[in-house]
Amino acid sequence: QQQVKQSPQSLIVQKGGISIINCAYENTAFDYFPWYQQFPGKGPALLIAIRPDVSEKKEGRFTISFNKSAKQFSLHIMDSQPGDSATYFCAASMSKGYQKVTFGIGTKLQVIP
Amino acid sequence: DVKVTQSSRYLVKRTGEKVFLECVQDMDHENMFWYRQDPGLGLRLIYFSYDVKMKEKGDIPEGYSVSREKKERFSLILESASTNQTSMYLCASSSPSGAANEKLFFGSGTQLSVL
Chain A
1 QQQVKQSPQS
11 LIVQKGGISI
21 INCAYENTAF
31 DYFPWYQQFP
41 GKGPALLIAI
51 RPDVSEKKEG
61 RFTISFNKSA
71 KQFSLHIMDS
81 QPGDSATYFC
91 AASMSKGYQK
101 VTFGIGTKLQ
111 VIP
Chain B
1001 DVKVTQSSRY
1011 LVKRTGEKVF
1021 LECVQDMDHE
1031 NMFWYRQDPG
1041 LGLRLIYFSY
1051 DVKMKEKGDI
1061 PEGYSVSREK
1071 KERFSLILES
1081 ASTNQTSMYL
1091 CASSSPSGAA
1101 NEKLFFGSGT
1111 QLSVL
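Residue numbers (the working numbering), protein chains in the order written: chain A, 1 to 113; chain B, 1001 to 1115.
In structure tokens, the structure reads:
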């Protein structure tokens, strides 16, 4: 059973456009929702994260929108650049316990000039 | 910066071999994790450890074991490698305390091929 569902699996966006990746979760005990970015040949690295007490978090061109009632959250990349081409993973975890992080299947983003 | 080092970038083994994947972190983190990454399946947790000599099964522990004799080192063991264990293996660490207590730090991964 996939606890964090992510879509789309792949995404092609033109330079300057908006990239949108969506995730949905099942477990209402999740209280931390990070996004990781992975470049080829590298391990994933934390990009941005949100807790359910806010509906939006913005860091530069990256924004997380969070809808607690729908159990959905999404990543928006504004003014997408070729350097943003990477695989993006949404994830969820619980602050209590062993902080086990559950990941989505990933979205391969390609930003074309 | 935190560094998580995985001993091999590429590894080729034969079916039935015992395989050791090593991971070392230099930030005194209590938590360490092993994930495997497969296309279309994302990152799946194999095992994790929250203290020396402690281990917990993740979502897909079958065919794997782990060892954590020292705080900085976490080893993944494939007792008898099989072709369906061909995958990218990622080690990660985190600390349960501090402002970034839920941030995972990943190594660069080991691409294992079992022939």
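Backbone N, C-alpha and C define an ideal beta-carbon position, used for all residues, glycine too.
As the structure is a computational prediction, the values presented were derived from the model and not from experiment.
What does residue i reach in chain A if we use C-beta pairs closer than 8 Å?
i, result
"E1079 (chain B)", "Per Cβ cutoff of 8 Å: no residues; E1079 (chain B) is ~23 Å from chain A at best."
"E1102 (chain B)", "Y32, P34, A49, S93, S95, Q99, V101"
Can you list, in chain order, the residues of its chain with a C-beta nearer than 6 Å to that of residue i? Leave out the 5 residues immediately preceding and following it.
i, result
"V1066 (chain B)", "Y1047, K1055, L1076"
"S115 (chain A)", "Because chain A here runs from 1 to 113, residue 115 (chain A) falls outside it and cannot be looked at."
"K1013 (chain B)", "V1019, A1081, V1114"
"I21 (chain A)", "L75, Y88, T107"
"I50 (chain A)", "F33, K57, I64, F66"
"D1026 (chain B)", "K1003"
Going along the chain, which residues of its own chain have a beta-carbon closer than 7 Å to the beta-carbon of residue i, five neighbours each way excluded?
i, result
"K68 (chain A)", "P52"
"A86 (chain A)", "Q37, Q38, F39, L109"
"K100 (chain A)", "S93"
"E1102 (chain B)", "S1094"
"L46 (chain A)", "P34, Y36"
Give me the DSSP bridge partner(s) of residue i.
i, result
"Y1050 (chain B)", "Paired residues: none, contrary to the question."
"D1038 (chain B)", "B:G1042"
"N67 (chain A)", "A:Q72"
"N1031 (chain B)", "B:S1094"
"M1088 (chain B)", "B:Q1037, B:Q1111"
"E1022 (chain B)", "B:S1075"
"I112 (chain A)", "A:Q14"
"S47 (chain A)", "According to the sequence as given, residue 47 (chain A) is Leu; it is not Ser. Answer is none; L47 (chain A) lacks a bridge partner."
Considering only residues of the same chain and omitting the five flanking positions on each side of residue i, which have a CB-CB separation below 8 Å?
i, result
"I1060 (chain B)", "R1036, R1044, L1045, I1046"
"A1099 (chain B)", "Since pLDDT at A1099 (chain B) reaches only 48, below the 50 mark, its modelled position is unreliable, and the value read off the structure follows with that caveat. Correct list: empty, nothing qualifies."
"V1052 (chain B)", "R1068, E1069, K1070, K1071"
"Y1050 (chain B)", "E1030, N1031, E1056, P1096"
"F1038 (chain B)", "The identity of residue 1038 (chain B) in the sequence shown is Asp, whereas the question assumes Phe. Cβ neighbours of D1038 (chain B) beyond the five flanking positions: R1044, S1087, M1088."
Any beta carbon from chain A within less than 7 Å of residue i's own beta carbon?
i, result
"A1099 (chain B)", "Residue confidence for A1099 (chain B) is low, a pLDDT of 48 falling below 50, so the modelled location carries little weight and cannot support an answer."
"S1067 (chain B)", "no"
"G1042 (chain B)", "yes"
"L1090 (chain B)", "yes"
Closer than 7 Å, CB to CB, is residue i near chain B or not?
i, result
"I105 (chain A)", "yes"
"L75 (chain A)", "no"
"L109 (chain A)", "no"
"P44 (chain A)", "yes"
"P8 (chain A)", "no"
My understanding is that residue i touches residue j, with C-beta atoms under 8 Å, so please give their C-beta distance in whole angstroms.
i, j, result
"T1015 (chain B)", "A1092 (chain B)", "The pair is not a contact, with the Cβ atoms about 28 Å apart (cut-off 8 Å)."
"G43 (chain A)", "L1090 (chain B)", "6 Å"
"T107 (chain A)", "A91 (chain A)", "Contact flag wrong, Cβ pair sits at about 12 Å."
"I105 (chain A)", "Q6 (chain A)", "5 Å"
"R1009 (chain B)", "S1087 (chain B)", "Wrong, their Cβ atoms sit about 14 Å apart, outside the cutoff."
"L1104 (chain B)", "Q1085 (chain B)", "Their Cβ separation, rounded to whole angstroms, is 22 Å, which puts L1104 (chain B) and Q1085 (chain B) out of contact at 8 Å."
For residue i, return the contacting residues in chain B, with the cut-off set at a CB-CB distance below 9 Å.
i, result
"L11 (chain A)", "Simply none; closest approach about 15 Å."
"G41 (chain A)", "R1009, S1108, G1109"
"F89 (chain A)", "G1042, L1043"
Whose Cβ in chain A lies nearer than 9 Å to the Cβ of residue i?
i, result
"L1045 (chain B)", "K100, V101, T102, F103"
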